[in-house]
Amino acid sequence: MSNVPNNLHYSKEHEWVDGSVSAGSKVKVGITDYAQGALGDIVYVQLPKVGDSVSEGVICGEIESTKSVSEVFSPVTGKVVAINSNLDSAPETLNSDPYGAGWIFEVEISTPSSTLMDGTAYSALIG
19 MSNVPNNLHY
29 SKEHEWVDGS
39 VSAGSKVKVG
49 ITDYAQGALG
59 DIVYVQLPKV
69 GDSVSEGVIC
79 GEIESTKSVS
89 EVFSPVTGKV
99 VAINSNLDSA
109 PETLNSDPYG
119 AGWIFEVEIS
129 TPSSTLMDGT
139 AYSALIG
(Lines of atoms letter the chains of each structure in order from A and count residues from 1; the text may use other names and numbers.)
(Lines give C-alpha, C1' and ligand atoms only; values in the text may rest on other atoms or scores of the structure.)
Protein backbone atom coordinates (compact mmCIF):
# COMPACT_ATOMS: atom_id res chain seq x y z
CA MET A 1 0.00 0.00 0.00
CA SER A 2 1.38 3.40 -0.99
CA ASN A 3 1.78 6.34 1.34
CA VAL A 4 -0.62 9.17 0.31
CA PRO A 5 -0.36 12.23 2.58
CA ASN A 6 -3.69 14.08 2.78
CA ASN A 7 -2.06 17.54 2.85
CA LEU A 8 -0.89 17.32 -0.80
CA HIS A 9 -2.57 17.59 -4.21
CA TYR A 10 -2.01 14.87 -6.83
CA SER A 11 -2.03 14.52 -10.62
CA LYS A 12 -3.18 11.47 -12.56
CA GLU A 13 0.44 11.15 -13.76
CA HIS A 14 1.51 10.48 -10.13
CA GLU A 15 3.09 13.82 -9.24
CA TRP A 16 2.34 15.70 -6.03
CA VAL A 17 2.08 19.42 -5.28
CA ASP A 18 2.37 20.97 -1.82
CA GLY A 19 0.58 24.10 -0.69
CA SER A 20 -2.05 26.27 -2.32
CA VAL A 21 -2.57 25.77 -6.05
CA SER A 22 -3.88 29.28 -6.71
CA ALA A 23 -2.19 31.83 -9.00
CA GLY A 24 0.88 33.43 -7.45
CA SER A 25 1.53 30.53 -5.06
CA LYS A 26 4.92 28.83 -4.97
CA VAL A 27 4.68 25.05 -4.69
CA LYS A 28 7.10 22.15 -4.65
CA VAL A 29 6.53 19.27 -7.04
CA GLY A 30 7.63 15.65 -6.75
CA ILE A 31 6.62 12.11 -7.62
CA THR A 32 4.40 10.01 -5.40
CA ASP A 33 5.37 7.01 -3.31
CA TYR A 34 3.32 4.92 -5.74
CA ALA A 35 5.36 6.24 -8.70
CA GLN A 36 8.75 5.67 -7.10
CA GLY A 37 7.69 2.14 -6.15
CA ALA A 38 6.62 1.38 -9.72
CA LEU A 39 9.86 2.81 -11.12
CA GLY A 40 12.19 0.84 -8.85
CA ASP A 41 15.71 2.06 -8.10
CA ILE A 42 16.08 5.58 -9.50
CA VAL A 43 19.51 6.31 -10.98
CA TYR A 44 19.11 9.64 -12.82
CA VAL A 45 16.81 12.67 -12.84
CA GLN A 46 16.63 15.26 -15.63
CA LEU A 47 15.39 18.47 -14.03
CA PRO A 48 13.78 21.49 -15.68
CA LYS A 49 15.84 24.69 -15.50
CA VAL A 50 15.16 27.66 -13.22
CA GLY A 51 13.26 30.19 -15.33
CA ASP A 52 11.62 27.54 -17.55
CA SER A 53 7.90 27.88 -18.15
CA VAL A 54 6.00 24.67 -17.45
CA SER A 55 2.45 23.80 -18.43
CA GLU A 56 0.04 21.49 -16.66
CA GLY A 57 0.15 18.03 -18.21
CA VAL A 58 3.23 18.75 -20.36
CA ILE A 59 6.56 16.91 -20.03
CA CYS A 60 9.17 18.90 -18.11
CA GLY A 61 11.72 16.28 -17.05
CA GLU A 62 12.69 12.66 -16.98
CA ILE A 63 13.41 9.99 -14.38
CA GLU A 64 15.57 7.00 -15.20
CA SER A 65 15.44 3.86 -13.10
CA THR A 66 17.00 0.43 -13.38
CA LYS A 67 13.67 -0.66 -14.95
CA SER A 68 12.78 2.15 -17.36
CA VAL A 69 12.80 5.83 -18.27
CA SER A 70 9.69 7.81 -17.30
CA GLU A 71 8.64 11.32 -18.15
CA VAL A 72 7.80 13.92 -15.51
CA PHE A 73 4.67 15.91 -16.34
CA SER A 74 4.18 19.27 -14.68
CA PRO A 75 1.05 19.12 -12.51
CA VAL A 76 0.70 22.93 -12.65
CA THR A 77 1.29 25.85 -15.04
CA GLY A 78 3.85 28.49 -14.14
CA LYS A 79 7.54 29.32 -13.94
CA VAL A 80 10.23 27.14 -12.36
CA VAL A 81 11.76 29.15 -9.49
CA ALA A 82 13.96 26.42 -7.92
CA ILE A 83 15.23 22.93 -8.61
CA ASN A 84 16.43 20.25 -6.22
CA SER A 85 20.06 20.06 -7.39
CA ASN A 86 20.76 17.45 -4.68
CA LEU A 87 19.08 14.94 -7.02
CA ASP A 88 22.04 15.29 -9.43
CA SER A 89 24.29 13.42 -7.00
CA ALA A 90 21.62 11.50 -5.07
CA PRO A 91 18.70 10.57 -7.38
CA GLU A 92 17.85 7.68 -5.06
CA THR A 93 16.40 10.30 -2.68
CA LEU A 94 13.24 10.02 -4.80
CA ASN A 95 12.97 6.42 -3.56
CA SER A 96 13.86 7.01 0.08
CA ASP A 97 11.97 10.29 0.72
CA PRO A 98 9.58 11.09 -2.17
CA TYR A 99 7.51 13.59 -0.12
CA GLY A 100 10.40 15.34 1.61
CA ALA A 101 14.01 15.64 0.46
CA GLY A 102 13.00 14.05 -2.87
CA TRP A 103 11.07 17.09 -4.18
CA ILE A 104 12.02 17.81 -7.82
CA PHE A 105 11.29 21.47 -8.57
CA GLU A 106 9.40 24.52 -7.30
CA VAL A 107 6.95 26.47 -9.44
CA GLU A 108 5.34 29.87 -9.11
CA ILE A 109 1.84 29.12 -10.38
CA SER A 110 0.45 31.39 -13.10
CA THR A 111 -2.79 29.50 -13.81
CA PRO A 112 -4.67 27.58 -11.09
CA SER A 113 -5.10 23.86 -11.71
CA SER A 114 -8.57 22.38 -11.95
CA THR A 115 -7.51 18.75 -12.36
CA LEU A 116 -5.50 18.00 -9.21
CA MET A 117 -6.92 15.50 -6.74
CA ASP A 118 -6.93 15.36 -2.98
CA GLY A 119 -5.46 12.38 -1.13
CA THR A 120 -8.74 10.47 -1.03
CA ALA A 121 -9.30 10.74 -4.79
CA TYR A 122 -5.67 9.82 -5.55
CA SER A 123 -5.87 6.78 -3.25
CA ALA A 124 -8.95 5.66 -5.19
CA LEU A 125 -7.08 6.15 -8.49
CA ILE A 126 -4.18 3.92 -7.48
CA GLY A 127 -6.46 1.37 -5.83
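The sequence shown stops at residue 145 when you use our numbering, and every number in between is there.
Glycine included, C-beta positions come from ideal geometry on N, C-alpha and C.
Item, Value
"Pair within 7 Å by beta-carbon distance, residue 89 and residue 101", "no"
"Alpha carbon of residue 47 to alpha carbon of residue 57, nearest angstrom", "17 Å"
"Contact under 7 Å by Cβ, residue 97 with residue 71", "yes"
"Identified DSSP bridge partners for residue 88", "81"
"Whole-angstrom distance between residue 41 and residue 92, CA atom to CA atom", "15 Å"
"Own chain partners of residue 62 with C-beta closer than 6 Å, once the 5 adjacent residues on each side are dropped", "82 and 109"
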